[in-house]
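**Student:** The number in the working numbering is simply the position in the sequence shown, starting from 1, with 81 added.
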Amino acid sequence: ISRIGYAVSVDGVHWNRMREPVLVPSDELDARGAEDPRVTALEGRFYMTYTAYGNIYEGSVLPIHAGGGGVTPMIAVSDNLVSWQRVGSIVRGEDNKDHVLFPRKINGRYVALHRRPPQIWLAESDDLATWPEAHMRPIFGPRPDGAGWDEKRVGGNGVPIETEHGWLMLYHAYDHPHVYRLGVALL
Numbered sequence: 082i083s084r085i086g087y088a089v090s091v092d093g094v095h096w097n098r099m100r101e102p103v104l105v106p107s108d109e110l111d112a113r114g115a116e117d118p119r120v121t122a123l124e125g126r127f128y129m130t131y132t133a134y135g136n137i138y139e140g141s142v143l144p145i146h147a148g149g150g151g152v153t154p155m156i157a158v159s160d161n162l163v164s165w166q167r168v169g170s171i172v173r174g175e176d177n178k179d180h181v182l183f184p185r186k187i188n189g190r191y192v193a194l195h196r197r198p199p200q201i202w203l204a205e206s207d208d209l210a211t212w213p214e215a216h217m218r219p220i221f222g223p224r225p226d227g228a229g230w231d232e233k234r235v236g237g238n239g240v241p242i243e244t245e246h247g248w249l250m251l252y253h254a255y256d257h258p259h260v261y262r263l264g265v266a267l268l
């Protein structure tokens, strides 16, 4: 069962780790773990997107061997990076992960990237708790016809970086032999 911890370093080599995790599984939604955190500083607070691995999927308990244990993109908020309050999920009822928040609101809304296999999607929310389907759209996916290293599935990595030319994002992908690689896209 995975948990999310907290560590600090002065030099990037020697680390001090808290003895207890800062985010632990709390219910059936994340009964098998919380992992893959990405933290965004936004308007004086910290927002962590993370993946919850649970024993429920769309409200019903399914055995793990029968495809249960849904993968849910979650959001939590903190003022100090140690105490986290769960806000909710971007989507439910589908395996979805590789999500991250943009470091500022765009047109007054929170904006996130997430992966509906095999594509990366953009989602918008007024309050971080509700992410209307009408405010979601795919932004890019694998290259078609075996045309490249990212031909099978793509997913977002860290927080997008705003530049004078647009948003720079790192992403990962894999091909049909299942070899993962890292890429860069300008949105």
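Beta carbons: idealized from backbone N, C-alpha and C, even for Gly. This structure is a prediction, so every number in the text was calculated from the model and none was measured.
1. Could you compute how far the alpha carbon of residue 114 sits from the alpha carbon of residue 131?
2. Would you kindly work out how many angstroms separate the C-alpha atoms of residue 119 and residue 258, rounded to a whole number?
3. Thinking C-beta only, is residue 106 closer than 8 Å to residue 86?
4. Give every residue of the same chain whose Cβ lies closer than 6 Å to the Cβ of residue 129, excluding the five residues on either side of it in the sequence, and list them in chain order.
5. Looking only at C-alpha atoms, which of 233, 173 and 236 sits nearest to residue 214?
6. Quick one, which of 238, 224 and 263 has its alpha-carbon nearest residue 232's?
7. At which residue ranges does the region 168–228 contain complete beta strand (DSSP E) runs of 3 or more residues, listed in the order of the chain?
8. Can you give me the Cβ contacts of residue 192 inside the same chain, cut-off strictly under 6 Å, excluding the 5 residues immediately before and after it?
9. Can you grab the Cα-Cα spacing for the pair residue 228 / residue 255, in whole Å?
10. Just to confirm, are residue 216 and residue 194 a CB contact at a threshold of 8 Å?
11. Check for me: the beta strand (DSSP E) holding residue 156 runs from which residue to which?
12. In the DSSP assignment, what residue or residues form a beta bridge with residue 91?
13. Does DSSP classify residue 116 as helix, strand or coil?
14. Classify residue 240 as buried or exposed, calling it buried when 16 or more other Cβ atoms lie within 10 Å of its own Cβ.
15. Just mark residue 196 as buried or exposed, buried being the case when its beta carbon has 16 or more other beta carbons within 10 Å.
16. Between the Cα of residue 159 and the Cα atoms of 167, 152 and 153, which residue gives the shortest distance?
17. To the nearest angstrom, how far is the alpha carbon of residue 201 from that of residue 177?
**Tutor:** Checking against the coordinates, here is how it stands:
1. Residue numbering aside, residue 114 sits at position 33 when the sequence shown is read from its first letter. Residue numbering aside, residue 131 sits at position 50 when the sequence shown is read from its first letter. Roughly 10 Å separates the two Cα atoms.
2. As a position in the sequence shown, residue 119 is number 38, starting the count at 1. As a position in the sequence shown, residue 258 is number 177, starting the count at 1. So the two alpha carbons sit approximately 27 Å from each other.
3. Here residue 86 corresponds to residue number 5 of the sequence shown, with the count starting at 1. Here residue 106 corresponds to residue number 25 of the sequence shown, with the count starting at 1. Taking 8 Å as the Cβ cut-off, residue 86 and residue 106 do not qualify as a contacting pair.
4. In the sequence shown, counting from the first residue as 1, residue 129 sits at position 48. Cβ within range, chain order: 118, 120 and 157.
5. Position 133 of the sequence shown, counting from 1, holds the residue named residue 214. When each option's Cα is compared against that of residue 214, the closest is 173.
6. The sequence position of residue 232 within the sequence shown is 151, counting from 1. Nearest of 238, 224 and 263 to residue 232, Cα basis: 224.
7. 178–182, 191–197, 200–206 and 217–221
8. For the purposes of this step, residue 192 is taken as residue 111 along the sequence shown, with counting starting at 1. If we look at residue 192 and ignore the five residues flanking it on each side, its Cβ neighbours are 183 and 205.
9. Along the sequence shown, read from residue 1 onward, the residue named residue 228 stands at position 147. Along the sequence shown, read from residue 1 onward, the residue named residue 255 stands at position 174. Their backbone Cα atoms lie some 12 Å apart in a straight line.
10. Residue 216 sits at position 135 when you count from the first residue of the sequence shown. Residue 194 sits at position 113 when you count from the first residue of the sequence shown. Not closer than 8 Å, so no.
11. To locate residue 156, count along the sequence shown from 1; it is residue 75. That run of the beta strand (DSSP E) goes 152–159.
12. Indexing the sequence shown from 1 puts residue 91 at position 10. Bridge partners of residue 91: none, in fact.
13. As a first step, residue 116 is located in the sequence shown; it is residue number 35 there, counting from the start. Strand.
14. Counted from its first residue, the sequence shown places residue 240 at position 159. Around the beta-carbon of residue 240, 16 or more other beta-carbon atoms lie within 10 Å, marking it buried.
15. Start at 1 with the first residue of the sequence shown, and residue 196 comes out as number 115. Classification of residue 196: buried, given that the 10 Å Cβ count is 16 or more.
16. For this step, residue 159 is matched to residue 78 along the sequence shown. Nearest C-alpha to residue 159: 167.
17. Looking up residue 201 in the sequence shown gives position 120. Looking up residue 177 in the sequence shown gives position 96. C-alpha separation (whole angstroms): 10 Å.
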